[in-house]
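What follows is a short report on a single structure.
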Ligand code: TXA
Ligand code: MG
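This is the structure in structure tokens:
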């Protein structure tokens, strides 16, 4: 699982773009430049590719990721772009703006991309190489900044290599990024809310909507313990680290156990991460008998899985 990968450094030409696109379609991880920072890209419809993004970054929790598309027209396959969100997209895409939109029900995106939430962050980058790659790949590409968790965001291919060489299949080198800070993130709630300041100035957005932007810390919606209910959680009660099943419980297993659903019978943490949200959704759809979860080793992706399970199992009042 952690055996080192030989990271290909691809140049900005037809062959480089074709190779990067081929790798993405095969479920491999490819870092590519956008006008803001280099992204760590994987096929957003492929659970395993998305799980590997978290593994490569060493992220201790599953923050939802931004999905990159080549054009505004492509959005309707994945999300609902209406009203003021549509106006903002018309005004600022392609560019350093990310919009948090309602997921299209039954769409093809991996549940892990949106961390189980009913919304998804979407961005149409302007960088010509990003545009060409997204066109060639023909897939929505999930991409956080291409740095190990806790390190600064990369604005050159060398930065990416320094942090992620051996952990991803390729880096597409497009030279330094022009903007150098991440995209501005706006949610619609139901008025536009600034979730993360970034490469597109808030003033430009306020001018476009002709009103002050509401502001909220992204951490308030996504990470803060007081906001656990903003995370997807099944209706059923959950019990973690279960060795002995109670009679009414359904088991979400891990490893060699007999279970209603098993995150990874082989005990593979990447596979377990890839299955986590889809299986929680499935168990939710199948009823409200309490869910017991097998112990998950607390290292590597297991830490992110356990973090997410603790949130899903936390007492809630809604
Ligand atoms: O410039 C950028 O935005 C870069 C390049 C590669 O595009 N990407 C980037 O991605 O910064 P990342 O994963 O580091 O930032 C994603 C952030 C999350 O931490 C979260 O705050 C927010 O986007 N986000 C994603 N999905 C969300 C959702 N459904 N609701 C609220 N916030 C969301
Ligand atoms: Mg980042």
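In the working numbering, the protein residues as written are -9 to 308. Every residue gets a Cβ at the ideal spot worked out from N, C-alpha and C, and that includes glycine.
query, result
"Report the rounded CA-to-CA distance for residue 86 versus residue 240, giving the unit in angstroms.", "44 angstroms"
"If you follow the alpha helix (DSSP H) that residue 199 is part of, which residue opens it and which one closes it?", "192 to 199"
"Candidates 274, 158, 269, 245: which alpha carbon is nearest residue 101's?", "269"
"Per DSSP, residue 42 forms a beta bridge with which residues?", "Answer is none; residue 42 lacks a bridge partner."
"Using 6 angstroms as the cut-off, classify the Cβ of residue 29 as near or not near the heavy atoms of the ligand TXA, replying yes or no.", "yes"
"Going by DSSP, what residue range makes up the alpha helix (DSSP H) through residue 270?", "259 to 275"
"Applying the 10 Å Cβ sphere with the 16-neighbour rule, what's the burial state of residue 210?", "With a pLDDT of 49 at residue 210, under the threshold of 50, the modelled position of that residue is not reliable, and no figure is offered here."
"Please tell me whether residue 108 and residue 124 are closer than 7 angstroms, where the distance is taken between their beta carbons.", "no"
"Just the Cα atoms here: how many angstroms apart are residue 246 and residue 281?", "18 angstroms"
"Comparing the CB of residue 114 with every heavy atom of the ligand TXA, is any distance shorter than 6 angstroms?", "no"
"Keeping to the same chain, check which residues put their C-beta closer than 7 angstroms to that of residue 116; ignore five residues upstream and five downstream.", "25, 84, 85"
"Assign residue 96 to one of three DSSP states: helix, strand, or coil.", "coil"
"Regarding residue 55 and the ligand TXA, is the C-beta to nearest heavy atom distance less than 6 angstroms?", "yes"
"Going straight from the alpha carbon of residue 236 to that of residue 33, what length do you get?", "39 angstroms"
"Identify every residue that forms a DSSP beta bridge with residue 298.", "Bridge partners of residue 298: none, in fact."
"Do the region 123 to 143 and the region 9 to 16 make contact, defined as three or more Cβ pairs closer than 8 angstroms?", "yes"
"What's the gap between the Cα of residue 99 and the Cα of residue 202?", "33 angstroms"
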